[in-house]
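What follows is one structure encoded as structure tokens, with my remarks underneath.
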Amino acid sequence: DIIAKTPNNIYVFIEVKTRSGKYYGRPSVFLGKDQKKRIARAAEQFMIQHQIEAELRFDIIEVVVSEKAPPHIEHIEDAFFFYAK
């Protein structure tokens, strides 16, 4: 969902997961193995297409919305890893 670059030149690929308060558990739980693989492949293609050689990081931003409270937002750094074969 978001591609960012840190001041120390790490490219961060961020998946935003949103759930309403009626679902139990953290939104990041709903990020499955296949979706992680698709995100990693997209990141790899982005880096190749733009001829970028840099460290990568995969983060998740969790957003839980509720009718009774303001949204709860949490940023999880290094949420998952991808190892190219």
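Residue numbers (this note's numbering): 3 to 87.
For glycine and all other residues, C-beta sits at the position ideal for the given N, C-alpha and C.
Leaving aside the five residues that flank residue 8 on each side, the residues in its chain whose CB is nearer than 7 Å to its CB run, in chain order, 14. A check of alpha carbon separations from residue 22 across 80, 73, 82 and 78 identifies 73 as the nearest. With 16 or more other Cβ atoms inside 10 Å of its own Cβ, residue 60 counts as buried.
A residue is called buried when at least 16 other Cβ atoms come within 10 angstroms of its Cβ; residue 35 does not meet this threshold and is exposed. Around the CB of residue 19, 16 or more other CB atoms lie within 10 Å, so the residue is classed as buried.
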